[in-house]
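Below: the structure, in structure tokens.
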């Protein structure tokens, strides 16, 4: 039989020589018109599929779980390629260059939802390194189908345009067709057919011999029966011939993404009328004296108020009207609320900072004035600025629109570090070791990075280690072991009140509350005496924790580190005032050095032995004893090991 009449894009495309037709979302007059329904299978977005994270031009093969029949053949496995196609005959090829259909180039028995040169998006700030693409597949046993999804892919033409689409293969044993072959559906959540340098994308299917197939589009050329690729769009391939749907009166329906906005407010109307016949006519009334006959119009409301919107749909079977009272609310312009962040607050000068503007509302007529604190300014929305000189900088953002002005000021926000020297204990690099140095340890507690060349609390300049994500965190790593932890507090205690001149002061993050849990850990771990008590009560004042009153008992602590070379720290406490003596003895019981011999008041103390005897000679490797006496009474004796 022959069909008579004009072909338009409300009709199916095809058939090919085998008998496949392509029905798209606009073919509403036919029973096989597909309904767009995105089936998310990426576990990262709530799906249940398997994921392959792949770089450029990669392919892999999976089992043909449902025994899918295609052009009369059933293969054991399916090859999936990152470049937007699958092959029902396994192959190692990746074919990034797309061609027309049929063609001897490409996979055998290929199914091509979007054959083009696809890549992963660039990593932030890079024009070379990319994220991997996420290619997912899922055997939906309950619904007798196999789903293959391309996610986190972009078009190489501009490296920005997102391509997110999927193939759904339906088991022919449960979804019958005229020839017994399976049904194929392409779903496009987001699609940009922009590759004008390389024939755009190829969409369609092709047989195993590559001499027959059904081409939907190539080189941005479409058959008269095909609609252009677009977001939230589907194409179904089946061997079932066209059958008209039973004509029905329309049921008018529409929606918008957001029903309210500030003046002037532009609204895109989505037409949800069913059935979506090509011969439907549409009449819109926007409630402000404006009308439209477009299928999905875009309209701008220029006055504040509430607007009733009406849609009337007419076809050969009748008319239906839907009215939505006070549906669109147009609000007066809102004054801005200035806000901004940066990716990193600290780095070595010259330090490049990318500012992220979080001002609301985003869609207003906002104007921006930035003051970077170094006599430089900008009016860009999201500026990038280089701090040439070391220092601590206050940054302000002033946002202005027709409804008002707002300013955000962040004091001492950006830190351009001058010196690459680290002094153990001076974690905020202000030139003195004091209670303020507990803050960076709390801010960066549990941060990891590269250790310093010398792991030590000794009061000496250390070279800044590379390999930390945050430029400030290495200063909080007092012992230089590559981790900011509670042990680093000892660096403050051992070097209390020490000073140096190579300073770049920074106090850390603004929001103390964000780090409450870290400081609670420090508070609980610190002792209730000596320097640790000072630090503990400094935290207590910041967070409202209980202030601890010192209490003392006579005791001798363990030296740290042990074994040691060349120095070690010994802590001790005295409960009653009087004569205190702390001495070092060798394994024979001979006196090596007297570290303390003086009158002291009750309290907690620390002393460092430099590994030398009373004459200043270096002691030999071996076991040593240290003894504490108070008023001629021995408090305790402990041992330590000197290694060289």
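Residue numbers (the working numbering): 389 to 1032. We put the CB at the ideal spot given by N, CA and C, even for glycine.
Per-residue DSSP class, three states only, for residue i
i, result
"residue 610", "coil"
"residue 562", "coil"
"residue 596", "coil"
"residue 919", "helix"
"residue 879", "helix"
"residue 972", "strand"
"residue 868", "coil"
"residue 677", "coil"
"residue 433", "helix"
"residue 897", "Its pLDDT being 46, under 50, residue 897 is placed unreliably in this model, and the coordinates cannot settle the point."
"residue 454", "coil"
"residue 925", "helix"
"residue 408", "coil"
"residue 497", "coil"
"residue 502", "strand"
"residue 735", "strand"
"residue 534", "strand"
"residue 601", "strand"
"residue 1031", "coil"
"residue 874", "helix"
"residue 829", "helix"
"residue 585", "helix"
For residue i, the first and last residue of its enclosing alpha helix (DSSP H)
i, result
"residue 912", "904-913"
"residue 983", "Not the alpha helix (DSSP H): residue 983 falls in the beta strand (DSSP E), residues 979-988."
"residue 863", "861-864"
Residue environment, residue i, which counts as buried when at least 16 other CB atoms sit within 10 Å
i, result
"residue 389", "Below a pLDDT of 50, predicted positions are generally treated as unreliable, and residue 389, at 34, falls in that range; no measurement from the model is reported."
"residue 1005", "exposed"
"residue 987", "exposed"
"residue 706", "exposed"
"residue 714", "exposed"
"residue 480", "exposed"
"residue 489", "buried"
"residue 896", "With a pLDDT of 49 at residue 896, under the threshold of 50, the predicted position of this residue should be treated as unreliable, and no value is reported."
"residue 804", "buried"
"residue 826", "buried"
"residue 965", "exposed"
"residue 585", "exposed"
"residue 632", "exposed"
"residue 581", "buried"
"residue 594", "buried"
"residue 843", "exposed"
Range of the contiguous beta strand (DSSP E) that encloses residue i
i, result
"residue 1016", "1010-1018"
"residue 824", "Where residue 824 is concerned, there is no enclosing beta strand (DSSP E), given that its DSSP letter is neither H nor E."
"residue 694", "693-703"
"residue 754", "First-last for residue 754: undefined, no H or E at that position."
"residue 714", "706-719"
"residue 528", "521-528"
"residue 474", "473-475"
"residue 689", "686-689"
"residue 439", "438-442"
"residue 467", "465-469"
"residue 650", "648-650"
One or two residues paired with residue i in a DSSP bridge
i, result
"residue 574", "555 and 623"
"residue 487", "In DSSP, residue 487 forms no bridge with anything."
"residue 794", "787"
"residue 1056", "The chain is shown only over 389 to 1032; residue 1056 falls outside these bounds and no answer can be derived."
"residue 421", "According to DSSP, residue 421 bridges with nothing at all."
"residue 518", "510"
"residue 1026", "1014"
"residue 773", "741"
"residue 632", "418"
"residue 642", "659"
"residue 943", "961"
"residue 730", "743"
"residue 967", "987"
Whole-angstrom C-beta distance between residue j and residue i, which should lie under 8 angstroms
i, j, result
"residue 703", "residue 630", "Actually they do not touch by this definition, with Cβ atoms about 19 angstroms apart."
"residue 624", "residue 781", "Wrong, their Cβ atoms sit about 59 angstroms apart, outside the cutoff."
"residue 811", "residue 847", "7 angstroms"
"residue 728", "residue 746", "6 angstroms"
"residue 1014", "residue 1032", "Not confirmed; about 18 angstroms, so no contact."
"residue 834", "residue 872", "7 angstroms"
"residue 794", "residue 749", "So it is not a contact: roughly 11 angstroms between Cβ atoms."
"residue 661", "residue 668", "7 angstroms"
"residue 455", "residue 475", "Incorrect: roughly 16 angstroms between the Cβ atoms, too far for contact."
"residue 767", "residue 721", "Going by Cβ atoms, the distance from residue 767 to residue 721 rounds to 20 angstroms, so no, they are not a contact pair."
Residue i beta carbon near the ligand FAD (any heavy atom closer than 8 angstroms)
i, result
"residue 535", "Absent from the structure shown: the ligand FAD. Ligands present: none."
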